[in-house]
Amino acid sequence: MNKAVFNQEHILFDETSTTQEEAFKSLAKFAYDTGFVSDEEGYFEGLKEREQEATTGFKDHIAIPHCKSSVNKKPGLFLIKFAQDIPWNSLDKKPVKVAFGLTIPEEGATEHLKLLSLIARKLIDQEFRDGVLKQDNPELLAEIIDQIDFS
1 MNKAVFNQEH ILFDETSTTQ EEAFKSLAKF AYDTGFVSDE EGYFEGLKER EQEATTGFKD
61 HIAIPHCKSS VNKKPGLFLI KFAQDIPWNS LDKKPVKVAF GLTIPEEGAT EHLKLLSLIA
121 RKLIDQEFRD GVLKQDNPEL LAEIIDQIDF S
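Below, the structure written as structure tokens:
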């Protein structure tokens, strides 16, 4: 994995979110605080708008919230692990425990939409899903995510 796009510092343990809206706010604040978006509220609104188009809830308690927006300064991947199950309109109707948040800039979006595809493909791997869901050590989580070949 490209360290500028994802590294251990991009892992958030969210202890407080209980709704999808709170989860989006948490992701937006994290992306803003780490310098990936120029406007926290703009990114939050972009996540909500994207979710209205089609669910970003994958299956087995995993979601991939993202949006392509001018507020996204650079491509980024964030892993958020939620302490509480987050109700989500997932493909399998299960609540979300883990989210892969993406910042996709408007310029160069095609290349970074490839990252979305790579994550979705990797999520087919049961061992990868189990690792992301069960592991709470940031170093080991980063190693698991580094299996996604986006250089």
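Numbering follows the UniProt record's numbering, in which position 102 of the sequence shown is assigned residue number 102; successive positions increment by one, without gaps. Ideal Cβ positions, reconstructed from N, Cα and C, are used throughout, including at glycine. Because the structure is a prediction, the values reported are computed rather than measured.
Taking contact to mean 3 or more Cβ pairs, one atom from each stretch, closer than 8 Å, check whether the segment 119-126 and the segment 80-98 are in contact.
Counting Cβ pairs under 8 Å, fewer than three are found: no touch.
What residue does the beta strand (DSSP E) around Q84 start on, and which one ends it?
G76 to I86
Can the beta-carbon of K59 be found less than 9 Å from the beta-carbon of L12?
no
Tell me, please, whether the segment 73-87 touches the segment 8-28 by the rule of three or more beta-carbon pairs shorter than 8 Å.
Contact annotation: the segment 73-87 touches the segment 8-28, with at least three C-beta pairs closer than 8 Å.
Could you give the DSSP three-state label for L91: helix, strand or coil?
coil
Can you name, in chain order, every residue of its own chain whose Cβ lies under 7 Å from the Cβ of F24, other than the five neighbours on each side?
Closer than 7 Å at the Cβ level, and outside the excluded window around F24, lie F44, L47, K48 and P65.
Within this structure, are the beta carbons of L102 and C67 separated by less than 9 Å?
yes
Thinking just about the alpha-carbon of each residue, which of T19, T110 and S69 is nearest to the one in E41?
When each option's Cα is compared against that of E41, the closest is S69.
Any chance you could list the beta strand (DSSP E) runs of at least 3 consecutive residues sitting entirely within the UniProt domain "PTS EIIA type-2" (4-148), in chain order?
11-14, 66-69, 76-86 and 96-105
Between G76 and V132, is the Cβ-Cβ spacing less than 9 Å?
no
Could you tell me the alpha carbon to alpha carbon distance between P105 and R129, rounded to whole angstroms?
27 Å
Exposed or buried, which one is S26 when buried takes at least 16 other CB atoms within 10 Å?
buried
Using the rule of at least 16 other Cβ atoms within 10 Å of the residue's Cβ for burial, across every protein chain shown, is N89 buried or exposed?
Answer is exposed; the Cβ neighbour count stays below 16.
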